[in-house]
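Below: the structure, in structure tokens.
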Amino acid sequence: MQESDRKGLPRTTEGLRPKLLPEGKQNPESRFPNPESRILLHTTAEDHHVARMAAVALGLTLLEGAIPSPLPGVKPGLANIVTLIVLARYGWRTAVWVSLLRVFAGSLLFGNFLTPGFFLGLSGALFSLLVLALAQHLPKRWFGPVSHSIYAAFAHIAGQMAVVYLWLIPHAGIAYLIPIFATAALVFGTVNGLIAARFMDNANNGISSRGGAENAEKIK
Amino acid sequence: MNYPEIKHLAVLRYIKAGDWLTLLSGGVCVVLLTLTLWSGELAEKAVIRSGGKIFRIVALSGDQQIEVPGPLGISLISVVNRKVRIASDPGPRQYCVRQGWLQQAGEIALCLPNQVSVELIGSHKRYDSLNY
Numbered sequence: 372m373q374e375s376d377r378k379g380l381p382r383t384t385e386g387l388r389p390k391l392l393p394e395g396k397q398n399p400e401s402r403f404p405n406p407e408s409r410i411l412l413h414t415t416a417e418d419h420h421v422a423r424m425a426a427v428a429l430g431l432t433l434l435e436g437a438i439p440s441p442l443p444g445v446k447p448g449l450a451n452i453v454t455l456i457v458l459a460r461y462g463w464r465t466a467v468w469v470s471l472l473r474v475f476a477g478s479l480l481f482g483n484f485l486t487p488g489f490f491l492g493l494s495g496a497l498f499s500l501l502v503l504a505l506a507q508h509l510p511k512r513w514f515g516p517v518s519h520s521i522y523a524a525f526a527h528i529a530g531q532m533a534v535v536y537l538w539l540i541p542h543a544g545i546a547y548l549i550p551i552f553a554t555a556a557l558v559f560g561t562v563n564g565l566i567a568a569r570f571m572d573n574a575n576n577g578i579s580s581r582g583g584a585e586n587a588e589k590i591k
Numbered sequence: 002m003n004y005p006e007i008k009h010l011a012v013l014r015y016i017k018a019g020d021w022l023t024l025l026s027g028g029v030c031v032v033l034l035t036l037t038l039w040s041g042e043l044a045e046k047a048v049i050r051s052g053g054k055i056f057r058i059v060a061l062s063g064d065q066q067i068e069v070p071g072p073l074g075i076s077l078i079s080v081v082n083r084k085v086r087i088a089s090d091p092g093p094r095q096y097c098v099r100q101g102w103l104q105q106a107g108e109i110a111l112c113l114p115n116q117v118s119v120e121l122i123g124s125h126k127r128y129d130s131l132n133y
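First to last, the protein sequences are chains H and W.
Be aware that the first sequence starts at 372, since it is given in my numbering, and climbs by one per residue.
Be aware that the second sequence starts at 2, since it is given in my numbering, and climbs by one per residue.
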């Protein structure tokens, strides 16, 4: 990461146009000699934070790709840990950004953009986010990241199975796979939720120093 | 950590009361899904086709041998103890014979060279990729 990132100076990253800063406002501290010749995106600290979280999620996706799976589609979904943490700390909108950035950037990284696999991942992510939008309103006293994670995991397979059935394999035979996917969702959902809860607990206690609580304060 | 003696159980404190409820209902869902989707329906009848037309529909209640004529010769289908197999077939590769016993509804054995097939059906017919 370059030094300019930390200070929150603008970068030349093309892509998402942030809506948070007014247009045409040049940063006098720009590191480019002739800023007008560049396409500058004014990014906020929140943009950088979303990008950083999405990058962490991408790293976990990459890591997960190295784990052999007994059945295509049965994956731990480690990147969802990041989504859960972002949801708990920064809210649903930020979680949507991080999750969808991960899906799109991940598909570009793995070279499956617009392939069936991409649409499976996208539908799973969208269903999960929809369910999380509801699940986040559960009383915090009794429901934590573990519940969120399990609901999201079930929503994920529901979304994927819907796409598989409606588009890829319109065959009742895929119903035979549902128990396997549901079991995996329950197990991995629980494990991911526990990891997320544990991580947030550690971060709040200052064990994980980088990122974490100080950033949370900054965003709020 | 303040609880080294139960460190391996320490993660459990992140599961709140509602989370246990979620876990429990999730587990119940998985069990119900497995029971409903994996309860292989037992076959009631065997549909024997020859040359694309239904040759005979036999009930599996009685043991019998059926000779089905095809372009290459006769395929022999045997029904034993509510199971069905193609006992012999004049085809060159013998895929349908080697498929062995068929027991559950929806299972099917095809002898393509001799244009003979046997399919097991239950009380109600499910859709599959062949008749979709």
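Each residue gets a CB set at the ideal place from its N, CA and C atoms; glycine is no exception.
Among the options, nearest to residue i - alpha-carbon criterion
i	options	result
GLY74/W	GLN100/W, LEU121/W, LEU113/W	LEU113/W
VAL80/W	LEU121/W, PHE56/W, VAL32/W	LEU121/W
ARG162/W	LEU13/W, LEU111/W, LEU24/W	The displayed coordinates of chain W run from 2 to 133. Any statement about residue 162/W would go beyond what the structure contains.
VAL119/W	GLY63/W, TRP39/W, GLY52/W, THR35/W	GLY52/W
GLY462/H	PHE552/H, ILE551/H, GLN507/H	GLN507/H
ASP20/W	PRO443/H, ARG512/H, GLU435/H, VAL427/H	ARG512/H
8 Å Cβ cutoff met for residue i and residue j
i	j	result
PRO516/H	ALA466/H	no
LEU429/H	ALA496/H	no
LEU500/H	SER470/H	yes
ILE521/H	GLY482/H	no
ALA106/W	ALA44/W	yes
LEU61/W	PRO550/H	no
ILE55/W	VAL69/W	no
Between the CA atoms of residue j and residue i - distance to the nearest angstrom
i	j	result
GLY71/W	GLN116/W	6 Å
PRO439/H	ILE410/H	42 Å
GLN531/H	LEU491/H	5 Å
LEU505/H	VAL534/H	22 Å
ILE78/W	GLY123/W	19 Å
LEU485/H	ARG473/H	14 Å
HIS527/H	ASP90/W	47 Å
GLU108/W	TRP39/W	14 Å
Cross-chain neighbours of residue i in chain H, by beta carbon under 9 Å
i	result
GLY1/W	There is simply no residue 1/W to check, as chain W begins at 2 and stops at 133 in what is shown.
Min CB distance residue i to chain H below 8 Å
i	result
TYR133/W	Residue placement at TYR133/W cannot be trusted, given a pLDDT of 48 that sits under 50; the coordinates are not used to answer.
GLY19/W	yes
TRP102/W	no
Residue i at chain W interface by Cβ criterion, 8 Å
i	result
SER499/H	no
ALA459/H	no
PHE484/H	no
GLY515/H	yes
ASN575/H	no
Any non-hydrogen atom of the ligand FMN within 7 Å of residue i CB
i	result
ILE87/W	Among the ligands in the structure shown, none appear at all, so the ligand FMN cannot be discussed.
Beta-carbon neighbours of residue i, restricted to chain W and to distances below 8 Å
i	result
PRO550/H	VAL31, LEU34, THR35, LEU38, TRP39
LEU509/H	GLY19
Amino acids of chain H, ordered along the chain, whose beta-carbon sits closer than 7 Å to that of residue i
i	result
ILE16/W	VAL517
VAL12/W	LEU565, ARG569
Neighbouring residues, chain H, relative to residue i (Cβ below 8 Å)
i	result
LEU121/W	Correct list: empty, because the minimum Cβ distance to chain H is about 15 Å.
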